[in-house]
Structure formats: structure tokens, C-alpha cells
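**Q** One structure, as C-alpha cells, below. Some questions next.
In the numbering used here, the protein residues as written are 1142 to 1445.
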């Protein structure tokens, strides 16, 4: 514990090793995106073995802005650290483009690793990037991305820290180019392959058949990719599936409806059955534990 009572992620190797073990074990890994620490706690409480901090959710939560590259490295690394310190499952963090070329990627990987992430996702969009399900995306030459991934691999201090490679080439260059790119990236050392925004079930199946590395599926509601169940993706050969911003979409709608109700009625009574009970939230936040720690600290101070 640190002075604030937070569990310090001094055992980063344990989290990285745990993520790598999950990747080595049979079965698909199901994960969810968390845009803040409370959401990550709830995901862990539900029984998930990993959590994903994506750029879209972080930008919306921290800045109230779209995923267009508004967040800098320091701000994202701070978000990673806050989340990693509070949860006890591996955190995969979105490194976007690495915030520049190979030198910036090296700095990004070190920052995320130091912050407690168990893995980082790096993509081949031009900088500044945009959400992979927005129109108008462009990618850098494949050779430049390989150089960035090589810098990432060289930068990590812990060999168990997992490098996820993502290509956004489907939109601008087509599915064949995207598959060629992701195979190249993994042959250069990236350990998980992520082709963003395939636009049909057939394209998803083609990725599964033509990519030999552990594969990552991004099941974004209302996005460009059809939603497939984890069992079907696993049967196809995918290793990792994430619902990236669904927690954000659900909470945003719930807040909007509550605000409308309170403005109209002057009371939140009509929405009470949809809420988590106050006692439940205190349990999630471990109130009793931290009160006990404070009392023990106060007792120790009094005895000096």
C-alpha cells in the first residue's frame, strides 16, 4: 500500500506474466474496455481476467472529446497508472500510434510499462490518429510500422510485457493489404495480431484463416464490424475478444436518461430501480477496508 491506501503495482511482472499465461492457455480471452477506474473495478468484479483501456473511452472520459489524438502520452500514462494501481487483473493499454516515430514509441512503451500495464496496443495509423471506426483513416508505410514495433520490443524491460500490433489498413487499402501488414508486423516480433474494422463475417473468417498469430477481435457496437459471439470467434481461431466502449455507451445513456428525468420531475425516484444501491457501491469501493486502515493508522499515531 502507498500512503493513500492504494495497492501499488510493484509486482508488474506478475501481471505481465499472468497476461502471457492467459495467451498461452487454451480458450478465448474475453475482455471489456474501461474508461475510468470505477468501470475497471466493476469489470474485475464481474469476473473478467483482463481489462482494456482504450483511447476512445479515455478521450471521452478525461476530455469529453472524440478519439482524434487529443490525449498526449503523459495524460494517457497517468490514466494507465491510476487504473493499474487499483485493479488486480492485467491491464492492456492503448498506445495509439506510440505518439510519433521509433524514439517516441520507446518512450511510450517505457511509460506504460512503468505505469503498470501488462501489455500495449500499437497501431499503424498516421499521427495524429482517429478512431478506427471513423471514416478517413490513413496508414503509414508498413516498413515504418515495423521500425516502430522493433523499437517497442527493444524498449520493454520485461520480456513478458505483451506487444499487440494493430493495422487500420482495411479502410484505405483493403482486407488483403491489412492481412499482409499484420502478418509482417507479427513476423517482426509483435505477439498479438489485430486487424481493425473488418466489414463482414467473411472478412473476419479470412483474417482467422490467413493470420497465423494470436488474433484479437474488436467487437464494437454500432461500428463497421459485425458483432460475433466469443464462442464463434474462438471456433474461428481468435484468441482475444474485447467489447471496447460498451461500458461507456451504457453509462452515457443511463446518465442522459437520469438527467432528463430529474430535470422533468425534480426527482430521481423514477430511475431508482435502475441504479446500483449505495451500499453496493460502498462495497465495490471497499469503504470498510479503508476506514479500518485509517482507524489503525490513527490508533498507531495516538500510541506514539
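Even for Gly, the Cβ is constructed at its ideal location relative to N, Cα and C.
#1: Taking DSSP as the reference, what is the three-state secondary structure of residue 1221?
#2: Quick one, are the C-beta atoms of residue 1234 and residue 1157 less than 8 angstroms apart?
#3: Residue 1313 by DSSP, collapsed to three states: which one?
#4: For residue 1302, which residues in the same chain have their Cβ closer than 6 angstroms to its Cβ, ignoring the five residues on either side in sequence?
#5: When DSSP builds the beta bridges, which residues end up paired with residue 1280?
#6: With DSSP run on the structure shown, which of helix, strand or coil describes residue 1345?
#7: Determine the closest residue to residue 1328 out of 1267, 1354, 1184, 1269, with distance taken between C-alpha atoms.
#8: Go through its chain and collect everything with a Cβ distance to residue 1198's Cβ below 6 angstroms, but skip five positions before and after it.
#9: Can you tell me where the beta strand (DSSP E) with residue 1356 in it begins and where it stops?
#10: Take the Cβ of residue 1263 as the centre, count every other Cβ of all protein chains shown within 10 Å, and call the residue buried at 16 or more, exposed below.
#11: To the nearest angstrom, report how far apart residue 1435 and residue 1429 are at their CA atoms.
#12: To the nearest angstrom, how far is the alpha carbon of residue 1376 from that of residue 1169?
#13: Quick one: residues in its chain with C-beta nearer than 7 angstroms to the C-beta of residue 1252, no 5 flanking neighbours on either side, listed in chain order?
**A** By the coordinates alone:
#1: helix
#2: no
#3: helix
#4: 1157, 1254
#5: 1266
#6: helix
#7: 1354
#8: 1174, 1176, 1386, 1389
#9: 1356-1359
#10: buried
#11: 10 angstroms
#12: 9 angstroms
#13: 1214, 1218
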